[in-house]
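Just remember that the numbering used here sits 32 ahead of the position in the sequence shown, which is counted from 1.
Ideal Cβ positions, reconstructed from N, Cα and C, are used throughout, including at glycine.
It should be emphasised that the depicted structure is a prediction, and the values quoted were computed from it without experimental measurement.
Just below is one structure, and these are the notes that go with it.
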Amino acid sequence: MTRRQLFVTTALPYANANFHIGHIMEYSQADIWVRFQRLQGHEVHFVCADDAHGAPIMIAAEKAGVTPQAFVAGIAAGRKPCLDGFHIAFDHWHSTDAPENHQLSQDIYRKLKAQGLIEVRAIEQFFDPAKGMFLPDRFIKGECPKCGAKDQYGDSCENCGAVYAPTEVRNPYSVLSGATPVLKTSDHHFFKLSDPRCKAFLEQWTHAAGRLQPEVLNKIKEWFSVDEEGKGGLGDWDISRDAPYFGIEIPDAPGKYFYVWLDAPIGYLASLTAHFARQGRNVDEFLADPATEQVHFIGKDITYFHTLFWPATLHFSGRKTPDRVYVHGFLTVNAEKMSKSRGTGIDPLRYLELGLDAEWLRYYLAAKLNDRVEDLDFNPEDFIARVNSDLIGKYINIASRAAGFLAKRFAGRLSTTLGADGEAVITPLQAAAPKLAALYDGREFGKALREVMALADTVNEYVDAHKPWELAKKPEAAAELHEACSTCIEAFRLLTLYLKPVLPALSAKVEAFLQVAPLTWADAGKRLGAHTIGAFQHLMQRVTVEQVEAL
33 MTRRQLFVTT ALPYANANFH IGHIMEYSQA DIWVRFQRLQ GHEVHFVCAD
83 DAHGAPIMIA AEKAGVTPQA FVAGIAAGRK PCLDGFHIAF DHWHSTDAPE
133 NHQLSQDIYR KLKAQGLIEV RAIEQFFDPA KGMFLPDRFI KGECPKCGAK
183 DQYGDSCENC GAVYAPTEVR NPYSVLSGAT PVLKTSDHHF FKLSDPRCKA
233 FLEQWTHAAG RLQPEVLNKI KEWFSVDEEG KGGLGDWDIS RDAPYFGIEI
283 PDAPGKYFYV WLDAPIGYLA SLTAHFARQG RNVDEFLADP ATEQVHFIGK
333 DITYFHTLFW PATLHFSGRK TPDRVYVHGF LTVNAEKMSK SRGTGIDPLR
383 YLELGLDAEW LRYYLAAKLN DRVEDLDFNP EDFIARVNSD LIGKYINIAS
433 RAAGFLAKRF AGRLSTTLGA DGEAVITPLQ AAAPKLAALY DGREFGKALR
483 EVMALADTVN EYVDAHKPWE LAKKPEAAAE LHEACSTCIE AFRLLTLYLK
533 PVLPALSAKV EAFLQVAPLT WADAGKRLGA HTIGAFQHLM QRVTVEQVEA
583 L
């Protein structure tokens, strides 16, 4: 097997608020995939950063009476407890306001300008007469010019997915003051995505095998399409904003700053650069290596930026482009979109503070995730049933039914033989490794976990057939009892390995109980043999209705 070199990121969280449960869903999905790749022995660099720029942060900082930098630092300080609490193991966490990002953003801009892909135009944009400032897209709301949905942002519609200019919004109003904005003229910098070179490159890039999911490719075809009147197609991208603005200054353009969406994805590269600098490694050599794979996990609402602007800016600035962009749907709660005002949502820190096990949620989310762009629903009753049935009833139960007999009768030592029935259980478990590996690699986590639980069912059927508690009453059945309990422990080890990307903390407890080195995927082909295990201790409790109701 060739050792892969992977550079993996998730979407950068905007540094104006703490994590919500949607962040944990995305980060868990990426973390599970990364952990699986590492179990395979691959080299992975998993990085992220706070998306720290833009008018919303500037305005929030002003309200809080602090500088934007201090405001962002306060948000950043709250990231670690959540990431650690849910066992999301980024190699490095950075900020788009870091020096590396300033340098990279300005360098990429200069190279795009040298390619003739930057154009300065006088544009009309909305100005808030009450606040005395040009309004960022997200501070303009109104009716979508495409579908008519009300209360949509000034740059894109959450209802139909359309992307448009703020001046196209019908019945606009300022989110800051409620005033009707007026049009004023200002010089803005545009990235010429409509340039034939960009279109030709993106046509080729988007159609590369395995790079994008079919649903994403279909959406991109819509964005490329031009109607009979010549409308549609790829539009140029306004990459500048006027002062006052918290962001990165555009070179040789006083009072102009990069729009946050220009420098935010560059934050992936900045974070990797800082990570490599700490290791004393050359990041440019790593990215220039044809073997390096660049993989992004993102939500469906930011597909346009990651599949059109991002690869185009990278390619035409002479940089590596993403090998794959994995898009997922939204997380709903009881089939409702999460909303603070409606109280439909789950606060990740609240979840942890209430003492709910982080790996219950990791397992539940993974059991619903697949490789498609589908929304995922958190249903409390389903959550309780699935965790208690699968993790406690099917999986942990296997060890708890065997470990005590091994400790009392055989000093914790496993049998070197498992018998014909035991072999008939263990052999299929070992043979499942390649199929499960393919499912994990393909992000079909739900299918993988269904396969693992089906294997656990076969082990439990074996336990029910051999009844160790009955064998323990018969002195003449000591050898059979030894084999039955050893079969259970061998199966438990294999099931733990297959669940390890999803349940890293529980797996570490199991490795300590089994007295084995940290499991790798190669261990699927091995046996414990004449091995002594430790004393079995409580591994995981059941979820209660009261706990979920408190949440």
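Legend entry - Contact between the stretch 463-479 and the stretch 407-421 (3+ Cβ pairs under 8 Å): no
Inset, instruction - Decide if PRO507 is buried, meaning its Cβ has at least 16 other Cβ atoms within 10 Å, or exposed. - result: exposed
Inset, instruction - With DSSP as the reference, label GLY174 as helix, strand or coil. - result: strand
Legend entry - Any 3 or more C-beta pairs closer than 8 Å across the stretch 260-272 and the stretch 314-321: no
Legend entry - Own chain, CB closer than 8 Å to ASN191, minus 5 neighbours either side, in chain order: CYS176, CYS179, ALA181, GLN184
Inset, instruction - Helix, strand or coil for ALA81, going by three-state DSSP, please let me know. - result: strand
Legend entry - beta-carbon LEU38 near the ligand GTP non-hydrogen atom, thresh 7 Å: In the structure on display, the ligand GTP does not appear, and there are no ligands present to speak of.
Legend entry - Closest Cα partner of PRO500 within the set ILE416, LYS440, HIS119: LYS440
Inset, instruction - Answer yes or no: do LEU38 and GLN69 have a C-beta to C-beta separation smaller than 8 Å? - result: yes
Legend entry - Within 8 Å, strictly: CB atoms of VAL152 and ASP219: yes
Inset, instruction - Work out the CA separation of ARG445 and CYS517 for me, nearest whole Å. - result: 10 Å
Legend entry - Cβ contact (3+ pairs, closer than 8 Å) linking the stretch 288-304 and the stretch 124-141: yes
Legend entry - Strand pairing of LYS369, partner residues [DSSP]: THR364
Inset, instruction - Please decide whether PRO228 counts as near chain B, where near means a Cβ-Cβ distance under 8 Å. - result: Chain labels in this structure do not include chain B; a single protein chain is all it has.
Legend entry - Entirely enclosed alpha helix (DSSP H) segments - the stretch 407-470, minimum 4 residues: 412-418, 429-432, 435-442, 451-463
Inset, instruction - Could you name the residues of the same chain whose beta carbon sits closer than 7 Å to that of ASP379, not counting the 5 residues immediately before and after it, in chain order? - result: none
Inset, instruction - May I ask you to list the residues that DSSP assigns as paired with PHE290? - result: SER272
Inset, instruction - Would you mind giving the Cβ-Cβ distance between ALA488 and LEU527, rounded to the nearest angstrom? I have them listed as a contact below 8 Å. - result: 6 Å
Inset, instruction - Please report how far the alpha carbon of LYS541 lies from the alpha carbon of LEU531, in whole angstroms. - result: 13 Å
Legend entry - Cβ-Cβ distance between ILE282 and HIS221 below 8 Å: yes
Legend entry - Cβ-Cβ distance between ALA109 and PRO100 below 8 Å: no
Inset, instruction - Tell me whether THR34 is buried or exposed, calling it buried when 16 or more other Cβ atoms sit within 10 Å of its Cβ. - result: exposed
Inset, instruction - Using DSSP bridges, identify the partner residues of ALA154. - result: ASP219
Legend entry - Anticipated Cβ contact below 8 Å, PHE568 with ALA435, distance rounded: 3 Å
Inset, instruction - Counting only the same chain and skipping the five closest in sequence on each side, list residues whose C-beta sits under 8 Å from that of HIS119. - result: ASP63, ALA390, GLU391, ARG394, PRO536, ALA537
Inset, instruction - Could you tell me whether the stretch 119-128 touches the stretch 324-338, where touching means 3 or more Cβ pairs closer than 8 Å? - result: no
Legend entry - Three-pair Cβ contact test at 8 Å for the stretch 54-63 versus the stretch 452-462: no
Inset, instruction - With a 10 Å radius around its C-beta and 16 neighbouring C-beta atoms as the bar for buried, classify LYS58 as buried or exposed. - result: With the sequence shown as reference, residue 58 is identified as Glu, and Lys is not the correct amino acid for it. It is buried - the Cβ of GLU58 has at least 16 other Cβ atoms within 10 Å.
Inset, instruction - Along the beta strand (DSSP E) that carries ILE330, what are the first and last residues, could you check? - result: 324-331
Legend entry - ASN203 - containing beta strand (DSSP E), residue span: 202-206
Legend entry - LEU571 vs LEU551 beta-carbon contact at 8 Å: no
Legend entry - Cutoff 7 Å; reference LEU304; Cβ partners in own chain excluding five residues on either side: PHE39, HIS77, VAL79, VAL315
Legend entry - GLY331 burial status per 10 Å Cβ neighbour count (16 or more: buried): buried
Inset, instruction - Go ahead and pull the three-state DSSP assignment for GLN573. - result: coil
Legend entry - Per-residue burial, LEU381 [other beta carbons within 10 Å of its own, 16 or more giving buried]: exposed
Legend entry - Buried or exposed by the 16-neighbour rule on C-beta atoms within 10 Å, applied to GLY279: buried
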